[in-house]
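Asker: I'd like to ask you about the structure that follows.
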Amino acid sequence: MTTLLTILVLILVAIAIWQMTKIFELSQIKAENSQVASDKDNKYNGYLMFAFLIFIYGITIFSFWKYTKVLLPEAASEHGQSYDSLMLWSFVIIFFVQTVTQALLHYFSYKYKGEKGKKALFYADNDRLEFIWTIIPVFVLAGLILWGLYTWTNIMDVNDEDDPLIVELYAQQFNWTARYGGADNVLGGANVRMIDIDRANVLGLDESDPYSNDDVIVKELHLPVGRKVNFRFRSQDVLHSAYMPHFRAQMNCVPGMITEFSFTPTITTEEMRLNPDVIDKVKRTNAIRAERAASGEPNSDPWEFDYILLCNKICGKSHYNMQMKIIVESEEEYNAWMESQQTFSQLMASMN
Amino acid sequence: MSATAHAHVDDHAHDHGHHHKETFVTKYIFSQDHKMISKQYLITGLIMGIIGIAMSLLFRMQLAWPGESFPIFEALLGKWAPDGVMDADIYLALVTIHGTIMVFFVLTAGLSGTFSNLLIPLQIGARDMASGFLNMLSYWMFFTSSVIMVISLFVEAGPAAAGWTIYPPLSALPMAQPGSGMGMTLWLVSMAIFIASSLLGSLNYIVTVINLRTKGMSMTRLPLTIWAFFVTAIIGVISFPVLLSAALLLIMDRSFGTSFFLSDIFIQGEVLHYQGGSPVLYEHLFWFLGHPEVYIVLLPALGITSEVMSTNARKPIFGYRAMVASILAIAFLSTIVWGHHMFISGMNPFLGSVFTFTTLLIAIPSAVKAFNYITTLWKGNLQLNPAMLFSIGLVSTFITGGLTGIILGDSTLDINVHDTYFVVAHFHLVMGISALYGLFAGVYHWFPKMFKRMMNKNLGYVHFWVTAVCAYGVFFPMHFVGMAGVPRRYYQNTAFPMFDELTDVNVLITVFALIAGAAQLVFLYNFVHSMFYGKPTVQNPWNSNTLEWTAPIEHFHGNWEGEIPHVHRWAYDYSKTLPNGEYVIKGQDFVPQNVPLHKDEEELNH
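Order-wise, the sequence lines are chains C and Y.
The numbering of the first sequence is UniProt numbering, which starts it at 1 and goes up by one.
The numbering of the second sequence is UniProt numbering, which starts it at 1 and goes up by one.
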């Protein structure tokens, strides 16, 4: 496929260059060797302007046809639904404006291509026209702003209603760690100055803080479906960004500061794996990986869909591989998993 | 005050009747003539552009064929590409320096520096800038900063690699990445000098436009190019000093142990002493310049487009007053929208709301400009010269790229596309490609003024069409990569199986990018060849109205022999007719600004 595309592009470019040289030759025949556009130049470039309009539409249609399937599957969080519908409507507006304005721009470039002796219209002003195209964007944007701000305020309102699960996501070059509040659902105090690597207190928990004792520190994020999760983000070294694209969630992790984000996962990992879009995606991806396996290339193990947490703020050499698996599961599965984890005090005791 | 200024100018008129005796050094190197300085800016900018674009091609190859060995990597990157495989650190360095060079050195200095210098005195009817000496100083500081930036590429541990925004702590701690050592120090020094250069230049532009306009050149008769350069210089003066303060504080954090931007850091097994600073503060300072910078890059391109489009459409620019008003509105709004780069930085979400509001407002003057350009084409007699094609191309990419700004400017929608390839696609189209088109339009249009020769139009056509197709080929599919969730500044996407199927798109993008790169060689050849062997120009090759075409082809310090022309009308009397339906000047569809009003003609109140 790739080769085909490449060849296609090369052919198109070759044709373009061939056409260009033809124009070049044609204009050479004319004795007058002016470097100012002649009627012939205007004509050819006018046609090309029209062709370019078709190209823009073409590449739009091509991209939608070919690449819509690579987009993220449906949102797996509660606020993600409203995010997606706002996105959809913004795109509807954008594509409407794009289609119309590009058509006008290129069609006019084609239609009014210059000819010797033609008279252009001296048309310097029209207050009514300008008023119309100022006021329409004003109303459309006012709508988008209001809708966007309403959604934004809801999303960013991190509060303690509905008994949220408290989870800390801790970033460092180049990995993630998650910490749960434990049985009391309260995170113990922590600061990088209390990090004690030798005793495995890698997150700098305050060992004298009673809230720390039952904290659970893990390398895989498990979330119960349907329960609100309040995330608190910390970083120990440089800026990172906790990006959870399937949940339409992202927040920077800033050294010296605790940042927050909150969402409610609505689809378990198991359910998401049964989503038709995801099934197709896994199938396509595994076909690619099978091809790699056949030719003995690395990175060819079959893939199973999982939610993922990525680092999305440049953080150094291995920025491109800073990730953590996220598993959304039923309340029972989550509780069972949590039972099997060591608490911070158990961990400390085992180190002594 | 302006009376004295004019008197002063008139005095000069007699001084300049004869030519100064100039040595090679004062004519070509330490020249104080704005025309020579503009050429110096252009050529330095183009050289930096070659470096910047070449870098992008290298990292695009890495993205399309991750981990593949290329002899060219080994040849160019040496020890950073062992066996021809690009190293992850140098990938980040390439991305960083590409951004820095393109934004500051090519599109700020190369574009605004070149054309502000060339056109401000020539189009307002002045002998030179208000201070030729400051102007010279400004160029040589720019040159020095360019040299330092290039030198930083050869530092042992590698050049700066923290992204062009150089957010601390990554940029502040040499142990966080090798590029944050000597490479970052040189980056900061280079940028500090660059800022000084930019301020000297901008102050000069502002003073010149305010004080040295020729008789009759009221502000409402200024060509839109001058309006754009003038307002650009004002935003530069307002915002660049803030970047300087950010850079100075960062230098202090790095070298003198202060904690402006750093706090609570544990790295490589030890706690650092920094306490109480905030990286978010740096982000505010950086983007206080960073966002206006987008318009510092874009406004001159839009100004050039207005002028080129009107001239080649043989029509006045539509809605001159609205165009000026939207330049002013964009400039004002541009200084109060910086927070939209920081919606998810940990900044208070209420601030995010305010910035969403101001950001989306900027779409209004932008939309007005786009519609006015389109209307300017309507019922024109379009002379499709290469400069005109690039101007139309600019409007096209400005619309395509600008529209996705509605997504990114919305704090809600930004959450999931922030720092992904969606952003990369957006800003490359709206400011990168658009501003480059503006630069090319300017070069094709004013090449005869600069070098007394014409560029080859057919090579220009090839250059435009291949570039136009490839620009969309590169950046249109890239939106989809971003919406699939691929973060920017990833050395390769192989660590995530969910991105496996995007390799195809990346190959397509890279192929387009390589072809686009090759097309720029056509331009370079045309540029250099025409400089020496191009067809000699006539005085006013595009039949344009503005004053620069009334100056003799031959360059000398002072621009006009004898008296400076006086101005009697605005710059856009193209195809203007008298009540009897005839052109104002018989058989000629343009009326230069220095032509007095015809007795039957009414001056429009624009």
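Using N, Cα and C, we set each Cβ at its ideal position, and we do this for glycine too.
In this text the structure is predicted, and so the values were computed from the model without any measurement.
Go through its chain and collect everything with a Cβ distance to K313 of chain C's Cβ below 7 Å, but skip five positions before and after it.
Answerer: Numbered from 1 along the first sequence, position 313 holds the residue referred to as residue 313 of chain C. Cβ contact annotation for K313 of chain C (same chain, cutoff 7 Å, sequence separation greater than five): L239, H240, S241 and N252, in chain order.
Asker: Considering only heavy atoms of the ligand ATP, does any lie closer than 7 Å to the CB of L508 of chain Y?
Answerer: Annotation note on the ligand ATP: not contained in the displayed structure, which lists no ligands.
Asker: Step through the CB atoms of chain Y and report whether any lies within less than 8 Å of the CB of W89 of chain C.
Answerer: The residue labelled residue 89 of chain C in the question sits at position 89 within the first sequence. No, its Cβ sits nowhere closer than 8 Å to a Cβ of chain Y.
Asker: Would you kindly check if the distance between the Cβ of A103 of chain C and the Cβ of L53 of chain C is under 8 Å?
Answerer: Residue numbering aside, residue 53 of chain C sits at position 53 when the first sequence is read from its first letter. Residue numbering aside, residue 103 of chain C sits at position 103 when the first sequence is read from its first letter. Taking 8 Å as the Cβ cut-off, L53 of chain C and A103 of chain C qualify as a contacting pair.
Asker: Which residue wins for smallest C-alpha separation from F96 of chain C, given the options C:D306, C:Y57, C:P224 and C:N126?
Answerer: Within the first sequence, residue 96 of chain C is the residue found at index 96, counting from 1. Here the closest residue by C-alpha is C:Y57.
Asker: When you compare only the Cα positions, how much space is there between N321 of chain C and F496 of chain Y?
Answerer: As a position in the first sequence, residue 321 of chain C is number 321, starting the count at 1. As a position in the second sequence, residue 496 of chain Y is number 496, starting the count at 1. Cα-Cα distance, rounded: 8 Å.
Asker: May I ask you to verify whether the stretch 283-290 of chain C touches the stretch 203-212 of chain C, counting CB pairs closer than 8 Å and requiring at least 3?
Answerer: no
Asker: Taking M450 of chain Y as the query, report the chain C residues whose CB atoms sit under 7 Å from its CB, ordered along the chain.
Answerer: Working through the second sequence from its first residue, we reach residue 450 of chain Y at position 450. Per Cβ cutoff of 7 Å: no residues; M450 of chain Y is ~15 Å from chain C at best.
Asker: Excluding the 5 residues flanking L58 of chain Y on each side, which residues of the same chain have their C-beta closer than 8 Å to its C-beta?
Answerer: Within the second sequence, numbered from 1, the residue matching residue 58 of chain Y stands at position 58. Answer for L58 of chain Y: I72, F73, L76, L77, M86 and L94, listed in chain order.
Asker: Taking the beta carbon of D573 of chain Y as the centre, do at least 16 other beta carbons fall within 10 Å, making it buried, or is it exposed?
Answerer: Position 573 of the second sequence, counted from the first residue, corresponds to residue 573 of chain Y. Answer is buried; the Cβ neighbour count reaches 16.
Asker: Is the Cβ-Cβ distance between L46 of chain Y and A130 of chain Y less than 8 Å?
Answerer: Working through the second sequence from its first residue, we reach residue 46 of chain Y at position 46. Working through the second sequence from its first residue, we reach residue 130 of chain Y at position 130. No, these two residues do not count as a Cβ contact at 8 Å.
Asker: Note the first and the last residue of the continuous beta strand (DSSP E) segment covering A178 of chain C.
Answerer: Sequence index remark: in the first sequence, residue 178 of chain C carries index 178 (1-based). It spans N175 to Y180 - the beta strand (DSSP E) in which A178 of chain C sits, taken as one unbroken run.
Asker: Relative to the alpha-carbon of T510 of chain Y, which residue among Y:M498, Y:D89, Y:R488 and Y:F475 has its alpha-carbon at the smallest distance?
Answerer: Here residue 510 of chain Y refers to the residue found at position 510 of the second sequence. When only C-alpha atoms are compared, the closest one is Y:F475.
Asker: Taking C-alpha atoms, which residue in Y:S259, Y:G558, Y:E270 and Y:S366 lies nearest to Q236 of chain C?
Answerer: Your numbering for residue 236 of chain C matches position 236 in the first sequence. The candidate whose alpha carbon is nearest that of Q236 of chain C is Y:E270.
Asker: Please tell me whether S278 of chain Y and M257 of chain C are closer than 8 Å, where the distance is taken between their beta carbons.
Answerer: For the purposes of this step, residue 278 of chain Y is identified with residue 278 of the second sequence, where counting begins at 1. For the purposes of this step, residue 257 of chain C is identified with residue 257 of the first sequence, where counting begins at 1. Cβ distance < 8 Å, so S278 of chain Y and M257 of chain C count as in contact.
Asker: Please list, in chain order, all residues of the same chain as F305 of chain C whose beta carbon is under 7 Å from its beta carbon, the five residues on each side excluded.
Answerer: Start at 1 with the first residue of the first sequence, and residue 305 of chain C comes out as number 305. Result list for F305 of chain C: M272, R273, V278 and V282, in chain order.
Asker: Taking any Cβ of chain C, which residues in the stretch 501-532 of chain Y have a Cβ under 8 Å from it, in chain order?
Answerer: So the list reads E501, L502, T503, D504, V505, V507, L508, V511, F512 and I515, given in the order they occur along the chain.
Asker: Taking three-plus beta-carbon pairs below 8 Å as touching, is the stretch 298-305 of chain Y in contact with the stretch 433-441 of chain Y?
Answerer: yes
Asker: Note down, in chain order, each residue of its chain lying with its Cβ closer than 6 Å to the Cβ of M20 of chain C, except the 5 sequence neighbours on either side.
Answerer: Position 20 of the first sequence, counting from 1, holds the residue named residue 20 of chain C. Nothing meets the Cβ criterion.
Asker: Determine whether the beta carbon atoms of V308 of chain Y and H445 of chain Y lie at a separation below 8 Å.
Answerer: By one-based count along the second sequence, residue 308 of chain Y stands at place 308. By one-based count along the second sequence, residue 445 of chain Y stands at place 445. In contact: V308 of chain Y and H445 of chain Y (Cβ atoms closer than 8 Å).
Asker: Nearest to E260 of chain C by CA position, among C:G188, C:G182 and C:R232, is which residue?
Answerer: For the purposes of this step, residue 260 of chain C is taken as residue 260 along the first sequence, with counting starting at 1. Of C:G188, C:G182 and C:R232, the residue nearest in Cα terms is C:R232.
Asker: List, in order along the chain, the chain Y residues whose C-beta lies closer than 7 Å to that of G316 of chain C?
Answerer: Start at 1 with the first residue of the first sequence, and residue 316 of chain C comes out as number 316. Neighbours of G316 of chain C on chain Y, chain order: L170, A176 and Q177.
Asker: Below 9 Å on C-beta distance, what does A290 of chain C contact in chain Y?
Answerer: Sequence index remark: in the first sequence, residue 290 of chain C carries index 290 (1-based). Those do not exist, as A290 of chain C stays about 11 Å from chain Y at its closest Cβ, beyond 9 Å.
Asker: Checking contacts by CB at 8 Å: is A370 of chain Y closer than that to chain C?
Answerer: If you number the second sequence from 1, residue 370 of chain Y lands on position 370. Yes - at least one Cβ of chain C is within 8 Å of the one on A370 of chain Y.
Asker: Beta-carbon of A322 of chain Y versus every beta-carbon of chain C: anything under 8 Å?
Answerer: One-based indexing of the second sequence puts residue 322 of chain Y at position 322. A322 of chain Y counts as touching chain C.
Asker: Note down, in chain order, each residue of its chain lying with its Cβ closer than 7 Å to the Cβ of residue 355 of chain C, except the 5 sequence neighbours on either side.
Answerer: For chain C, the structure presents residues 1 to 352; residue 355 of chain C sits outside this window and is missing.
Asker: Apart from the five residues on each side of it in sequence, which residues of its chain come closer than 7 Å, Cβ to Cβ, to residue 608 of chain Y?
Answerer: Missing from the structure shown is residue 608 of chain Y; chain Y here goes from 1 to 606 and no further.
Asker: Determine the direct distance from the alpha carbon of F590 of chain Y to that of N543 of chain Y, and round the result to whole angstroms.
Answerer: Taking the first residue of the second sequence as 1, we reach residue 543 of chain Y at position 543. Taking the first residue of the second sequence as 1, we reach residue 590 of chain Y at position 590. Distance from the CA of N543 of chain Y to the CA of F590 of chain Y, rounded to the nearest whole angstrom, comes to 7 Å.
Asker: Are the C-beta of D83 of chain Y and some C-beta of chain C separated by less than 8 Å?
Answerer: As a position in the second sequence, residue 83 of chain Y is number 83, starting the count at 1. No, its Cβ sits nowhere closer than 8 Å to a Cβ of chain C.
Asker: Does the contact criterion of 3 or more C-beta pairs under 8 Å hold for the stretch 326-336 of chain Y versus the stretch 241-258 of chain Y?
Answerer: no
Asker: Measuring CB to CB, does G179 of chain Y end up less than 8 Å from D89 of chain Y?
Answerer: The sequence position of residue 179 of chain Y within the second sequence is 179, counting from 1. The sequence position of residue 89 of chain Y within the second sequence is 89, counting from 1. Yes; because the gap between Cβ atoms is below 8 Å, this pair is in contact.
Asker: Could you compute how far the alpha carbon of Q383 of chain Y sits from the alpha carbon of R292 of chain C?
Answerer: As a first step, residue 383 of chain Y is located in the second sequence; it is residue number 383 there, counting from the start. As a first step, residue 292 of chain C is located in the first sequence; it is residue number 292 there, counting from the start. Approximately 53 Å, taken between the alpha carbons.
Asker: Between the alpha carbons of S245 of chain Y and L281 of chain Y, how many angstroms are there, rounded?
Answerer: Looking up residue 245 of chain Y in the second sequence gives position 245. Looking up residue 281 of chain Y in the second sequence gives position 281. Computed Cα separation, rounded: 11 Å.
Asker: Note down the Cα distance separating I37 of chain Y from I197 of chain C, rounded to an integer number of angstroms.
Answerer: The residue given as residue 37 of chain Y occupies position 37 in the second sequence. The residue given as residue 197 of chain C occupies position 197 in the first sequence. Going from the Cα of I37 of chain Y to the Cα of I197 of chain C covers about 59 Å.
Asker: Where do the N-terminal and C-terminal ends of the alpha helix (DSSP H) with P71 of chain Y fall, by residue?
Answerer: Here residue 71 of chain Y corresponds to residue number 71 of the second sequence, with the count starting at 1. Per DSSP, the unbroken alpha helix (DSSP H) holding P71 of chain Y starts and ends at P71 to L77.
Asker: Nearest-angstrom Cα distance between W570 of chain Y and L10 of chain C?
Answerer: The residue you call residue 570 of chain Y lines up with position 570 of the second sequence. The residue you call residue 10 of chain C lines up with position 10 of the first sequence. If you take the alpha carbons of W570 of chain Y and L10 of chain C, they lie about 47 Å apart.
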